[in-house]
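Residues in the sequence shown are numbered consecutively from 0, following numbering that gives the first Met the number 0. Quick reminder that beta carbons are idealized off the backbone N, C-alpha and C, glycines included. These figures come from a predicted structure and were not determined experimentally. Have a look at the structure below, then the notes.
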Amino acid sequence: MDGGVRPALSCAIYLSNHHTAMSCKDCLSRRDFLARSALAAAAVVVAEACGDGQIGPTSVALGNGITINLADFPELATTGVLVDVGHERAVVRTGPASFDAHSRICTHEGCDTAVANNRFECPCHGSIFAIDGSVIRGPSTGESIGPLPDLAVQFNATDNTLTIQ
Ligand code: FES
């Protein structure tokens, strides 16, 4: 409790042990102390309940899907080229009418990876993911991480668009 806010109870102990007057302007009321303690305990319970033993997010919510016009991304005319389509997503054409899409959010601590050298490169701790999202190299911190999430993608040939989850 050094330098921090003291609960009223510890102020009373301090006073009884030192027999000196002490300003209690920084002390918490008993009610505040109990409320904060209950919140801290609840946070620990929630954290433990959510723990799965894996470092970093196992799934990343990207919000609503997006629709892109393929005419805006001429690189997607070629198969096997990883293209940053914005909105934390990247796409690769795998055939005449087929595409794969992945989240660019790093599965280590959630940094936005960059598309470079036809792969995903995380600027935060150096993780590298292959074009299919698999891990080529984990973070410099040494933790084990999972692949980048695969995203559902739908090609609309009529209007030449892709809708990506
Ligand atoms: S957040 Fe990507 S390597 Fe740490």
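Tell me which same chain residues have a C-beta within less than 6 angstroms of the C-beta of T162, skipping the five on either side of it?
Position 163 of the sequence shown, counted from the first residue, corresponds to residue 162. Within the same chain, T162 has close Cβ partners G64, T66 and Q153.
Might you give, ordered along the chain, the residues of its own chain that have their beta carbon closer than 7 angstroms to the beta carbon of E120, omitting 5 neighbours on each side?
On the sequence shown, residue 120 is found 121 positions in, with the first residue counted as 1. Contacts found: T112, A113 and I127.
Could you please go through the chain and list the residues whose beta-carbon is closer than 5 angstroms to any non-hydrogen atom of the ligand FES?
C105, H107, E108, C110, C121, C123, H124, S126 and P138
Would you decide whether P73 is buried or exposed? Buried here means 16 or more other CB atoms lie within 10 Å of its CB.
Position 74 of the sequence shown, counted from the first residue, corresponds to residue 73. P73 comes out exposed.
Give the straight-line distance between the Cα atoms of I130 and P138, rounded to the nearest whole angstrom.
Within the sequence shown, residue 130 is the residue found at index 131, counting from 1. Within the sequence shown, residue 138 is the residue found at index 139, counting from 1. If I take the Cα positions, the gap works out to 17 angstroms.
Among G79, G109 and P122, which residue has its Cα nearest to the Cα of T93?
In the sequence shown, residue 93 corresponds to position 94, counting from 1. When only C-alpha atoms are compared, the closest one is G79.
Could you check which residue in C110, L81 and V90 has the C-alpha nearest to that of T160?
In the sequence shown, counting from the first residue as 1, residue 160 sits at position 161. For T160, the nearest C-alpha among the options comes from V90.
Does the separation of the CB atoms of H107 and I135 fall below 7 angstroms?
Against the sequence shown, residue 107 aligns to sequence position 108. Against the sequence shown, residue 135 aligns to sequence position 136. No, the Cβ-Cβ distance between H107 and I135 is not below 7 angstroms.
In terms of residue numbering, what span does the beta strand (DSSP E) encompassing I65 cover?
Position 66 of the sequence shown, counted from the first residue, corresponds to residue 65. First-last of the beta strand (DSSP E) with I65: I65 to N68.
Distance, Cα to Cα, P148 vs H101?
Stepping through the sequence shown from its first residue, residue 148 is reached at position 149. Stepping through the sequence shown from its first residue, residue 101 is reached at position 102. Their Cα atoms are separated by approximately 6 angstroms.
Pairwise C-alpha distance: D158 and A70
Against the sequence shown, residue 70 aligns to sequence position 71. Against the sequence shown, residue 158 aligns to sequence position 159. When rounded, the distance between both Cα atoms is 10 angstroms.
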